[in-house]
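Have a look at the structure below before the remarks.
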Amino acid sequence: LCSVDMARAPSSARVAGGTASFPGDTEGDVHCHGLAWSSDPNHGSNVFKSNNLFYVSLYDHFRQRGYVRNLPGAPMCSCIEQSAIVSRSDCTEITQNEINITWYYDIATGGVFYNEVNRVSIAFNACNGANDDNNNLEAYYERLVNEGRRTDAELTAVRQTLLGTCPA
């Protein structure tokens with residue numbers, strides 16, 4: 001944890017502005033975890049992003065690990081624009097292992113095609129990031145950019161929160 005900029009999330013902070021800095025290791029035990037998805041609405045990471053959020057926030061972190069508190073002045077769960085400024089964040093990505101779709105052709109409706117999703121199998125894993133830097137949200141976002149699924153401008157914005165190294 002580097003700092004909390006209260007202006008990023010005034011509802012959580014209950015103040016309009018201010019900064020709390022944590023030099024060295026003064027913040028104590030902190031766990032930061034994020035997720036990202038493709039901008040393509042048909043990509044599995046986008047289609048199942050809500051499942052990923054549920055898995056990380058409620059199942060894995062709340063039920064399995066007991067992570068139940070936010071940092072003072074920062075939301076416990078938020079989009080990156082409202083979150084605390086940190087050196088790095090763990091990351092979970094969703095993989096779609098199997099999908100079973102049945103296609104129908106309906107003559108009664110004038111020959112309309114439609115489909116039905118019968119079964120989907122998904123898995124939750126630590127993110128595979130760019131340059132074999134795994135379980136790292138920034139590296140995963142960089143991989144999404146490399147694959148054309150996100151933009152360089154978005155990665156630059158992510159790096160305003162995930163600093164790599166906290167300033168001294």
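Numbering (UniProt numbering), first residue to last: 1 to 168. Glycine included, each C-beta is placed from N, C-alpha and C at the ideal position.
Distance CB(residue i)-CB(residue j) smaller than 9 Å
i           : j           : result
residue 119 : residue 99  : yes
residue 91  : residue 126 : yes
residue 159 : residue 39  : no
residue 36  : residue 45  : yes
residue 9   : residue 17  : no
residue 124 : residue 60  : yes
residue 138 : residue 129 : yes
Whole-angstrom distance between residue j and residue i, CA atom to CA atom
i           : j           : result
residue 23  : residue 86  : 11 Å
residue 69  : residue 78  : 13 Å
residue 107 : residue 42  : 27 Å
residue 113 : residue 161 : 45 Å
residue 111 : residue 101 : 19 Å
residue 4   : residue 65  : 24 Å
For residue j and residue i, believed in contact at Cβ under 8 Å, the rounded distance
i           : j          : result
residue 122 : residue 54 : Not quite, the Cβ-Cβ distance comes to about 11 Å (not below 8 Å), so this is no contact.
residue 163 : residue 2  : 6 Å
residue 134 : residue 88 : Not quite, the Cβ-Cβ distance comes to about 12 Å (not below 8 Å), so this is no contact.
Where residue i falls, given that 16 or more other Cβ within 10 Å makes a residue buried
i           : result
residue 26  : exposed
residue 73  : buried
residue 109 : exposed
residue 34  : buried
residue 13  : buried
residue 140 : buried
Reduced DSSP secondary structure (H/G/I, E/B, other) of residue i
i           : result
residue 61  : helix
residue 98  : strand
residue 109 : helix
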